[in-house]
Amino acid sequence: MHGAALAELWLGEEWSYEAIEVAPDAFEARVRAMPGEGFAGANVTVPHKGAALALADELSETAREISAANTLVYADGEVRAENTDAEGFLRSLPGTPDGKRALVLGAGGAARAIVWALLREGAEVEVWNRTELRSQNLCEELGGEAVGAPDQSGYELIVNTTAVGLGGEDPFAELPLAADAFAPDQTVVDMVYGGEPTALLRAADVAGATTVDGIEILVQQGALSLEIWTGRPAPLETMRTAVRG
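So for the sequence shown, this note's numbering puts the first residue at 1026; every next one is plus one.
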């Protein structure tokens, strides 16, 4: 799989949402063709978020600062790039991250949105990535501090933005975390999602930590995209039921 653009198609007074697989070398041509097919916009997933930003005629301030786009809007013959990942993540949290010490795992497009959002809300952010140069580059651009060997117990908020666990990998073999080192006063977020809680969230839950799964973040960022395209409030409970079903 090469990733997908998840698109919103306008049909008269009704809306249809469908998944479209797009290879990287076909991405721009596919995106450019969509307005003529009646699409109002598209959600964009890995690995296309940087490419979506690059081809856009106009960028929102958020997309520009994060340097990644997950939402495209087609209007007046132009493509506008938006990023709802950051605000969707913040809406999924049980409280404000202001003043909290946070660890972000990963340095890709999702990590960029999370680091940007947390710093904007007043959190103290540290970033770990398997390739430390990538986390250093991210922090030089956005802020925060790159770390090589984080102390899991020292964070009030831990966010996994990597794909570890998506293919069944053991997160505790791939990430600098230990299953028995979570604490009740921590909030643990895993952006990986599926039909069941991930191994990472199961371990955090056993320890009494507050957990947030990737489905809730997916729903929240998707709702924001839907509101941009339609100008209407998104039906959050209906979206949650549909995704979890």
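No residue lacks a Cβ here, since even glycine has one placed at the ideal position from N, Cα and C.
ARG1137 beta carbon less than 8 Å from that of LEU1167: Translated into positions along the sequence shown, residue 1167 becomes position 142. Translated into positions along the sequence shown, residue 1137 becomes position 112. Cβ atoms of LEU1167 and ARG1137: closer than 8 Å.
To the nearest whole angstrom, what separates the beta carbons of VAL1152 and SER1160, a pair I think is in contact under 8 Å? Taking the sequence shown and counting its residues from 1, the one referred to as residue 1152 is at position 127. Taking the sequence shown and counting its residues from 1, the one referred to as residue 1160 is at position 135. At roughly 4 Å, the Cβ-Cβ gap stays under 8 Å, so VAL1152 and SER1160 are in contact.
Counting only runs of 4+ residues fully inside the segment 1168-1206, write out the alpha helix (DSSP H) ranges in chain order. 1196-1199
Which word fits SER1250, buried or exposed, when buried means at least 16 other C-beta atoms lie within 10 angstroms of its C-beta? For this step, residue 1250 is matched to residue 225 along the sequence shown. Buried, because 16 or more other Cβ atoms sit within 10 Å of the Cβ of SER1250.
Beta carbon of SER1085 nearer than 8 Å to that of ASN1108: For the purposes of this step, residue 1085 is identified with residue 60 of the sequence shown, where counting begins at 1. For the purposes of this step, residue 1108 is identified with residue 83 of the sequence shown, where counting begins at 1. Going by C-beta atoms, SER1085 is nearer than 8 Å to ASN1108.
CB contact flag (VAL1271, MET1216, <8 Å): Here the chain covers residues 1026 to 1270 and nothing more, so residue 1271 does not appear.
Using alpha carbons as the reference points, say which of ALA1174, GLU1221 and VAL1172 lies closest to GLY1190. Residue numbering aside, residue 1190 sits at position 165 when the sequence shown is read from its first letter. Measuring from the Cα of GLY1190, the nearest candidate turns out to be GLU1221.
Can you tell which of VAL1104, GLY1256, ALA1203 and ASP1238 has its C-alpha closest to the C-alpha of ALA1232? Numbered from its first residue, the sequence shown carries residue 1232 at position 207. Comparing Cα positions, the closest option is ALA1203.
Any beta strand (DSSP E) of 3 or more consecutive residues that is wholly inside the segment 1077-1132: 1096-1100, 1103-1107 and 1126-1130
By how many angstroms is the C-alpha of ALA1188 removed from the C-alpha of THR1235? Locating residue 1235 in the sequence shown gives position 210, where the first residue counts as 1. Locating residue 1188 in the sequence shown gives position 163, where the first residue counts as 1. Computed Cα separation, rounded: 21 Å.
At which residues does the beta strand (DSSP E) containing THR1212 begin and terminate? Residue numbering aside, residue 1212 sits at position 187 when the sequence shown is read from its first letter. Residues 1212-1215.
Helix, strand or coil for ALA1259 per DSSP? Reading the sequence shown from its first residue, position 234 is the one you call residue 1259. Coil, per DSSP.
Using DSSP with H/G/I as helix, E/B as strand and the rest coil, what is THR1266? The residue given as residue 1266 occupies position 241 in the sequence shown. Here THR1266 sits in helix by DSSP.
By alpha-carbon positions, which one of VAL1268, ARG1269 and GLN1246 ends up nearest to PRO1258? For the purposes of this step, residue 1258 is identified with residue 233 of the sequence shown, where counting begins at 1. Selected option, being the one with the closest Cα: GLN1246.
Bridge partner(s) assigned by DSSP for GLU1149: In the sequence shown, residue 1149 corresponds to position 124, counting from 1. Bridge partners of GLU1149: ARG1126.
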